[in-house]
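Chains as they are written, first to last, in my numbering: chain A, 1 to 110; chain B, 1001 to 1112.
Quick reminder that beta carbons are idealized off the backbone N, C-alpha and C, glycines included.
Note that this is a predicted model, so its numbers are computed, not measured.
Here the structure comes first, spelled out in structure tokens, and everything after it is commentary.
And the structure:
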């Protein structure tokens, strides 16, 4: 069983600071990596995907992938209270399924 | 909004009953995946349908079954409900292969 590990948190960050969310995965052959945001009682919402080593930026969000270390992270710059949510890391296993971590609960304090 | 819809929103059943959950995929997406998310956990893959055939299955018993229709909509059926089946059931649509999956709003199932 392929595994995706996240620190469950809660992670508390002051408003305006950088939030750093981390994820490790066990399958060295994984090719596609995703970050989803999930507000309480809602379904996961795609934030970013990354396929290549390095950084990928989209607005205030940056995804970082290091395949050698089997590590993917999400940075949120200028954190806002509306960023408070659970962040799910997901990795493709084969062509069909996503394997999710348990999620990191992030709280942005005004 | 992802364009993926699910019904019903909430459902309460008793142990031993059967339930059918429904999903309509995003326009242009012909692949539908189902996930179960227990409270405080990440989603767990149940199965995927492509061209009306099951195209991969997770570690769920046979009482979890599904269908996909020619218009790419899908159903998840669960027989002989157990208390542990209480969860948020998520449908995701995508193109074939390791493509980005977009989730619907989910169905909250409570088994008493």
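If the criterion is Cβ atoms closer than 7 Å, does the pair residue i and residue j meet it?
i, j, result
"residue 1018 of chain B", "residue 1004 of chain B", "no"
"residue 1087 of chain B", "residue 1016 of chain B", "no"
"residue 91 of chain A", "residue 25 of chain A", "yes"
"residue 79 of chain A", "residue 13 of chain A", "yes"
"residue 75 of chain A", "residue 86 of chain A", "no"
"residue 1011 of chain B", "residue 1109 of chain B", "yes"
"residue 1083 of chain B", "residue 1111 of chain B", "yes"
At the 7 Å Cβ level, is residue i part of the contact set with chain A, yes or no?
i, result
"residue 1041 of chain B", "yes"
"residue 1062 of chain B", "no"
"residue 1105 of chain B", "yes"
"residue 1100 of chain B", "yes"
"residue 1090 of chain B", "yes"
Could you pull the DSSP bridge partners for residue i from this structure?
i, result
"residue 1019 of chain B", "B/1078"
"residue 1109 of chain B", "B/1011, B/1087"
"residue 66 of chain A", "A/71"
Counting only C-beta atoms, is residue i closer than 7 Å to chain B at any point?
i, result
"residue 81 of chain A", "no"
"residue 70 of chain A", "no"
"residue 43 of chain A", "yes"
"residue 33 of chain A", "no"
Measuring straight from C-alpha to C-alpha, what distance separates residue i and residue j?
i, j, result
"residue 53 of chain A", "residue 71 of chain A", "10 Å"
"residue 16 of chain A", "residue 47 of chain A", "19 Å"
Handout entry: Sufficient close CB pairs (3 or more, under 8 Å) joining the stretch 1050–1064 of chain B to the stretch 1101–1109 of chain B
Key = Contact between the stretch 1050–1064 of chain B and the stretch 1101–1109 of chain B is absent, because fewer than three Cβ pairs lie under 8 Å.
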